[in-house]
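Take a look at the structure set out below.
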Ligand SMILES: NC(=O)c1ccc[n+]([C@@H]2O[C@H](COP(=O)([O-])OP(=O)(O)OC[C@H]3O[C@@H](n4cnc5c(N)ncnc54)[C@H](OP(=O)(O)O)[C@@H]3O)[C@@H](O)[C@H]2O)c1
C-alpha cells in the first residue's frame, strides 16, 4: 500500500513536472473545433509574475454539488462535465464543500482519465469531512454521507488536500483556495476573524510551503467578500484568489476600486466566481446565495436585457465577457448544472460584441464608467 508520505511526494513530482514544462503544456493541448482550440490555448498576461490559471475560461463546480437545493443526477453530472471537456474547457474548480464531497467525486470521475498535463484543477481547504450517517443540514440537494468541521490549521490543510486527491483520484492539484473564510459566512457565527488568525498561522504558511515543495503551484482565498483577500495580501504571500459575487455585470464598483489595485500591487490575479450571480444574469430569479434579490436589480437587469436585445446579444453572453475584461482577471468560471450549458457558455466567449453596446450601458449608468471592455484577448477569442 502506498504510504501517505509517498502519495504526497508523488503528487509533488507530478506537479513539478507540469510547473517547469509550459511547452509540454501547449504542445499537448488537444486540437478540436475552432472555439475549443482557442480555449485550450494557454493564456498568459504579460504583467504576470506569479502563477495563475493559463485558461481564460473554466468550469465552476458548485452546481454539480447540488446548489440551490437542485438535485443533479450522476448521469446528468457526467454529461455536463463531458460536454465541458468537449467544448474545450481546461480549467476546473471544485471543493470538498460542494455537496460534501460529491462535486469532487464527479469532477474526478471525468478528469482521472484525462491527460494530467492538459488541464488545470483547483479545489479548496478549510472544511474537513468525516464519514457520518448523520448528514448535517446544509443547502446541498443530496450531499454525500459526510459531516464537516472548519479547520484552517496547517495539519488540516495538508489532510484536506490529501483527502481531495483521494476523492478526485488524481495525482495533483494545481491551485488551492482557502474557502469561505469570510464575514458573510453565517455558519461561522461571527467568528471569521478568529478563523482567519488560525489560517494566518496555519493554512497560509503551509500552502506557501507546499508551493515551495512543488506540491501545488499556487494558492489564495476563495471567498464572496473583499476583506479576507485584502487581509491575506497583507499577512501572507498568496498568488491568485477566487472572488465570487464580487465582479459581475450588475455589481463591480468595489472590485474596480479596491480589489484589483490591491491584487495588482502584489502581482496577484483573480478567478471570477459566480459571474452570472448564481444564475440571475441567465434569467433565474435568484441572486447569489442570499435568498434575496437586492432592490432595483430586477429592473436593472430588464434595462440591460433591452439594450442587449437591440444589439442581438444575449445578456448571459455579455455578463460572461464583461468579467473577463480586467487585466487582473486570470479566468472566469461559470457554473453549469445542465448538459447544454458548458458549450453555450464557451460559445458566448466567441461572440463579437460591438464597443457601442458597452458605451450605451455606461451612458445609461448601468455599468461603471471605468469598467474595462472585453477584448479578443480577454475573452480568449
Ligand atoms: N467562495 C467561493 O470560493 C465560491 C463561491 C461561489 C462560487 N464559486 C465558484 O464559482 C463557480 C461559479 O459560480 P456559481 O456556479 O455559483 O454561479 P454562476 O456561474 O453565477 O451561475 C451558475 C448558474 O447559472 C445558470 N447557467 C449557467 N450557464 C447557463 C446557460 N448557458 N444557460 C442558462 N443558464 C445557465 C445555471 O442555473 P441552473 O442551475 O438554474 O440551470 C447555473 O447553475 C462555482 O461553481 C464555484 O466553482 C466559488
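Numbering (this note's numbering), first residue to last: 1 to 381.
We put the CB at the ideal spot given by N, CA and C, even for glycine.
On a predicted model such as this, the values are computed, not experimentally measured, just so you know.
- In terms of Cβ geometry, residue 178 and residue 221 form a close pair [threshold 8 Å].
- Taking a contact to require three or more Cβ pairs closer than 8 Å, the stretch 308-325 and the stretch 363-376 qualify as touching.
- For residue 316, the uninterrupted alpha helix (DSSP H) run begins and ends at 315-324, by DSSP.
- Taking a 10 Å sphere around the C-beta of residue 214, we find 16 or more other C-beta atoms and assign the residue as buried.
- The residue from 205, 67, 152 and 160 with its alpha-carbon nearest to that of residue 237 is 205.
- Scanning 68, 270, 143 and 173 for the CA closest to the CA of residue 111 turns up 173.
- Rounded to whole angstroms, the separation of the alpha carbons of residue 275 and residue 285 is 15 Å.
- Not one heavy atom of ligand 1 is found less than 7 Å from the C-beta of residue 164.
- Of all alpha-carbon atoms in 56, 216 and 163, the one lying nearest the alpha-carbon of residue 380 is that of 56.
- The continuous alpha helix (DSSP H) containing residue 210 extends over residues 203-212.
- Around the beta carbon of residue 90, 16 or more other beta carbons lie within 10 angstroms, which makes this residue buried.
- For the options 85, 318 and 234, the alpha carbon positioned closest to that of residue 282 is the one of 318.
- Close CB contacts of residue 235 within its chain, under the 8 Å cut and outside five residues either way in sequence, are with 200 and 204 (chain order).
- Excluding its 5 nearest sequence neighbours in each direction, residue 334 has C-beta neighbours in its own chain below 7 Å: 60, 275, 276, 320 and 345, listed in chain order.
- The secondary-structure analysis by DSSP pairs residue 146 across a beta bridge with 131.
- Relative to the non-hydrogen atoms of ligand 1, the Cβ of residue 329 never comes closer than 7 Å to any of them.
- Comparing alpha-carbon positions, the option among 268, 273 and 183 lying closest to residue 218 turns out to be 268.
- Relative to ligand 1, residue 86 has its C-beta separated by 7 Å or more from all heavy atoms.
- Of the heavy atoms belonging to ligand 1, at least one sits nearer than 7 Å to the Cβ of residue 337.
- Residues of the same chain with a CB within less than 6 Å of the CB of residue 136, apart from the 5 flanking positions on each side, are 147 in chain order.
- In this structure, ligand 1 has a non-hydrogen atom nearer than 7 Å to the beta-carbon of residue 67.
- If the five residues before and after residue 84 are omitted, its C-beta is found closer than 6 Å to the C-beta atoms of 59 and 342, all from its own chain and listed in chain order.
- Around residue 253, the same chain offers 368 as residues with beta carbons nearer than 6 Å, after the five sequence neighbours per side are excluded.
- Taken in chain order, the whole beta strand (DSSP E) runs of length 3 or more contained in the stretch 91-136 are 91-93, 120-125 and 127-131.
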